[in-house]
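Q:
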Amino acid sequence: MVLVIRISFLSLLLAGVAANSVAQSKKLAPITAVVECTQASAKGQIRQFVFDGNKETYFATEKNASAKDNFTLTFEKPVKVKTLEVLTGKPKGEDALKEANLEISEDGKTFQTVGKFQEGQATRKLDGKTVLAIRIQPTEDLKYPLTIREIVVDSEPAVRHFKYPVEFTIDVSDAPEMKEWTEKVARICERQYTMINEELKSEGFKPARSIRLTMKNDYDGVAYASGSRIVGSVKFFKSHPEDMGAFVHETVHVVQQYRTRGNPGWLVEGIADYIRFFKYEPGKAGRLNAERARYNGSYRTTAAFLNYLSEKYDPLIVQKLNKMLREGEYKEEAFQVLTKKTVQELDEEWRASLKK
Ligand SMILES: [Zn+2]
């Protein structure tokens, strides 16, 4: 009897430990963030430099900041902050912030001051306080641009740095009424940029840091990308405002930067939709017609084929294909090199799996 009690106590204890470690590993998954400023950035000094884990890069406003301007770092969801440190000014000390408050918010709407800037720095112990957003708020008009080097947040869960800093600037001169919607799209793409670049990383590749997003009246398609420009149709997105994932697809094209000729369009589009429908918004692609699907059906059909290959053969297959396409080394035999089967054999196998 005693033994039974002991065993069940032990198993309870073990179950408790297991449950705890599951809860902890869930708790530790890092989240994403968005950075916003009331003023435009100075050329090349983009907002995401404030949270890229690098104290040598910095953000600066284009013009001197006023007491009406502010800079905000907003997390995907509230985190418990242990300590918060903000470094301002250029790396050599110019434009260090003096006349400003460091503020935090639990809901992203009402802010409270938790510190002032001294010699360009503000550091606060917050002892696990719940924080959704951090704001840097000048208390008077400044005679210099608002210049921020780094915000250092020690929190639970951790917030992921912008490993591939980028900034989208929008042009809505054709449809000023779409400003708010387009800004929202820009923030989504900025937030997904780390994920897209991690999925499509290749040695020595440096993605664009500045991307222009223009909404156009005289464009009848949906959206397209060219270099580091993305164009969206005013007409299409006015009637399909929920289709923001289309811009994640276009952002993938900007990251692909396939400058060589001869890459098959079905694969280029398939990779863009693979990132969109299997990484950004899984489950939104809808069901495929198993009778008509072919590996080279492009867009979401090829995306599903690539997902099948990455689950069954190689979790890095898309990254490897991307590298070949980017470096002008892609040939159809790539599939055989990576999976030991021809693309036709893989196609038959995949289609059979769709019918199950
Ligand atoms: Zn495309």
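Numbering (mature numbering (1 follows the signal peptide of the UniProt record, and there is no 0)), first residue to last: -23 to -1, 1 to 333. Every residue gets a Cβ at the ideal spot worked out from N, C-alpha and C, and that includes glycine. Predicted model only: the values in this text are computed from it and were never measured.
(1) Strictly closer than 6 Å from CB to any heavy atom of ligand 1: give me those residues in the order they appear in the chain.
(2) Per the DSSP calculation, Lys67 is bridged to which residue(s)?
(3) How is Pro134 classed by DSSP in three states: helix, strand or coil?
(4) Flag this pair as touching only if the segment 24 to 37 and the segment 121 to 137 have three or more C-beta atom pairs under 8 Å; answer yes or no.
(5) Please work out which residues of its chain come closer than 7 Å, Cβ to Cβ, to Ala10, disregarding the five sequence neighbours upstream and downstream, and give them in chain order.
(6) Could you round the C-beta distance between Ala77 and Gln114 to whole angstroms and report it? I think they count as a contact, below 8 Å.
(7) Just tell me which of Leu323, Pro68, Asp151 and Lys178 has its CA closest to the CA of Gln22.
(8) Distance check for Asn41 and Ser2, CA to CA, integer angstroms please.
(9) Do Tyr251 and Val320 have their C-beta atoms within less than 8 Å of each other?
(10) Cβ atoms of Tyr285 and Ser330: under 8 Å apart, would you say?
(11) So, for Met221: in the same chain, excluding its five sequence neighbours on each side, which residues have a beta-carbon less than 8 Å away from its beta-carbon?
(12) How close, in whole Å, do the beta carbons of Ala262 and Ala281 come, if the pair is a contact with beta carbons under 8 Å?
(13) In three-state terms, what does DSSP make of Ser43?
(14) Where do the ends of the beta strand (DSSP E) carrying Lys106 lie?
(15) Rounded to the nearest angstrom, how far is the Cβ of Leu109 from that of Asp131, given a contact under 8 Å?
(16) Which residues mark the beginning and the end of the alpha helix (DSSP H) in which Val232 is found?
(17) Sorted by chain position, which residues of the same chain lie with C-beta nearer than 6 Å to Thr191's C-beta, five sequence neighbours on each side aside?
(18) Ignore the nearest five residues each way along the sequence and tell me which others in Val314's own chain have a CB closer than 6 Å to its CB.
(19) Span of the alpha helix (DSSP H) holding Ala280?
(20) Decide if His217 is buried, meaning its Cβ has at least 16 other Cβ atoms within 10 Å, or exposed.
(21) Give the straight-line distance between the Cα atoms of Lys333 and Ile8, rounded to the nearest whole angstrom.
(22) Among all the DSSP beta bridges, which residues are the ones paired with Met192?
(23) Count the other CB atoms, across all protein chains shown, that sit within 10 Å of the CB of Gln169; report buried if there are 16 or more and exposed otherwise.
(24) If I follow the unbroken beta strand (DSSP E) through Val12, where does it start and stop?
(25) According to the Cβ coordinates, are Lys59 and Leu119 closer than 8 Å?
(26) Looking only at C-alpha atoms, which of Gly181, Arg253 and Ala19 sits nearest to Val278?
(27) Under 8 Å, do Leu64 and Lys32 count as touching if we go by C-beta distance?
(28) Just verifying my parser: in three-state terms, what is the DSSP assignment at Tyr201?
(29) Would you call Thr116 buried or exposed, if buried means 16 or more other Cβ atoms sit within 10 Å of its Cβ?
(30) What are the boundary residues of the alpha helix (DSSP H) that includes Ala163?
(31) Assign Asn299 to one of three DSSP states: helix, strand, or coil.
(32) What residue from Glu144, Gly274, Arg112 and Ala44 has the CA that sits closest to Ala19's CA?
A: In terms of the structure at hand:
(1) His226, His230, Glu246 and Ala249
(2) As a working mapping, residue 67 is identified with position 90 in the sequence shown. Note: Lys67 sits in no beta bridge, so no partner.
(3) By one-based count along the sequence shown, residue 134 stands at place 157. Coil, per DSSP.
(4) yes
(5) The residue labelled residue 10 in the question sits at position 33 within the sequence shown. Correct list, in chain order: Phe28, Leu50, Thr51, Phe52, Glu53 and Val136.
(6) As a working mapping, residue 77 is identified with position 100 in the sequence shown. As a working mapping, residue 114 is identified with position 137 in the sequence shown. That pair is a contact at about 6 Å.
(7) Here residue 22 is taken as the residue at index 45 of the sequence shown, counted from 1. Gln22 has its Cα closest to that of Pro68, out of Leu323, Pro68, Asp151 and Lys178.
(8) Residue mapping note: residue 2 aligns to position 25 of the sequence shown, counting from 1. Residue mapping note: residue 41 aligns to position 64 of the sequence shown, counting from 1. Model confidence at Ser2 stands at a pLDDT of 44, short of 50, so the residue's coordinates are unreliable; what they give is reported in the following sentence. Roughly 44 Å separates the two Cα atoms.
(9) The residue given as residue 251 occupies position 274 in the sequence shown. The residue given as residue 320 occupies position 343 in the sequence shown. Contact flag unset, no.
(10) For the purposes of this step, residue 330 is taken as the residue at position 353 of the sequence shown. For the purposes of this step, residue 285 is taken as the residue at position 308 of the sequence shown. Cβ distance < 8 Å, so Ser330 and Tyr285 count as in contact.
(11) In the sequence shown, residue 221 corresponds to position 244, counting from 1. Once the five neighbours on either side are set aside, the close Cβ partners of Met221 are Lys161, Val162 and Ile165.
(12) Sequence index remark: in the sequence shown, residue 262 carries index 285 (1-based). Sequence index remark: in the sequence shown, residue 281 carries index 304 (1-based). About 7 Å separates the beta carbons of Ala262 and Ala281, which is inside the 8 Å limit, making them a contact pair.
(13) Working through the sequence shown from its first residue, we reach residue 43 at position 66. If DSSP states are grouped into helix, strand and coil, Ser43 belongs with coil.
(14) Taking the first residue of the sequence shown as 1, we reach residue 106 at position 129. Looking at the DSSP string, the run of the beta strand (DSSP E) that includes Lys106 is Gln98 to Pro115.
(15) Mapped onto the sequence shown, residue 109 falls at position 132. Mapped onto the sequence shown, residue 131 falls at position 154. Wrong, their Cβ atoms sit about 16 Å apart, outside the cutoff.
(16) Taking the sequence shown and counting its residues from 1, one reaches residue 232 at position 255. Val232 -> alpha helix (DSSP H) spans Gly222 to Gln233.
(17) By one-based count along the sequence shown, residue 191 stands at place 214. Residues of the same chain with a CB within less than 6 Å of the CB of Thr191, apart from the 5 flanking positions on each side, are Asp148 and Val208 in chain order.
(18) Taking the first residue of the sequence shown as 1, we reach residue 314 at position 337. None.
(19) Position 303 of the sequence shown, counting from 1, holds the residue named residue 280. Ala280 -> alpha helix (DSSP H) spans Tyr276 to Lys289.
(20) For this step, residue 217 is matched to residue 240 along the sequence shown. With fewer than 16 other Cβ atoms within 10 Å, it is exposed.
(21) What you label residue 333 is simply residue 356 of the sequence shown in a count that begins at 1. What you label residue 8 is simply residue 31 of the sequence shown in a count that begins at 1. Their Cα atoms are separated by approximately 36 Å.
(22) For the purposes of this step, residue 192 is taken as the residue at position 215 of the sequence shown. Looking at the DSSP assignment, Met192 forms a beta bridge with Gly209.
(23) Position 192 of the sequence shown, counting from 1, holds the residue named residue 169. By the 10 Å Cβ count, Gln169 comes out buried.
(24) For this step, residue 12 is matched to residue 35 along the sequence shown. For Val12, the uninterrupted beta strand (DSSP E) segment begins and ends at Ala10 to Cys14.
(25) Position 82 of the sequence shown, counted from the first residue, corresponds to residue 59. Position 142 of the sequence shown, counted from the first residue, corresponds to residue 119. Cβ distance not < 8 Å, so Lys59 and Leu119 don't count as in contact.
(26) Along the sequence shown, one-based indexing puts residue 278 at 301. It should be noted that the sequence gives Thr, not Val, for residue 278. The shortest C-alpha separation from Thr278 is found at Arg253.
(27) Reading the sequence shown from its first residue, position 87 is the one you call residue 64. Reading the sequence shown from its first residue, position 55 is the one you call residue 32. Taking 8 Å as the Cβ cut-off, Leu64 and Lys32 qualify as a contacting pair.
(28) If you number the sequence shown from 1, residue 201 lands on position 224. Strand, per DSSP.
(29) Working through the sequence shown from its first residue, we reach residue 116 at position 139. So Thr116 ends up on the exposed side.
(30) Position 186 of the sequence shown, counted from the first residue, corresponds to residue 163. Run containing Ala163: Lys156 to Glu176, per the alpha helix (DSSP H) assignment.
(31) As a first step, residue 299 is located in the sequence shown; it is residue number 322 there, counting from the start. Asn299: helix per DSSP, three-state reduction.
(32) Counted from its first residue, the sequence shown places residue 19 at position 42. Nearest in C-alpha terms to Ala19, of all of Glu144, Gly274, Arg112 and Ala44, is Glu144.
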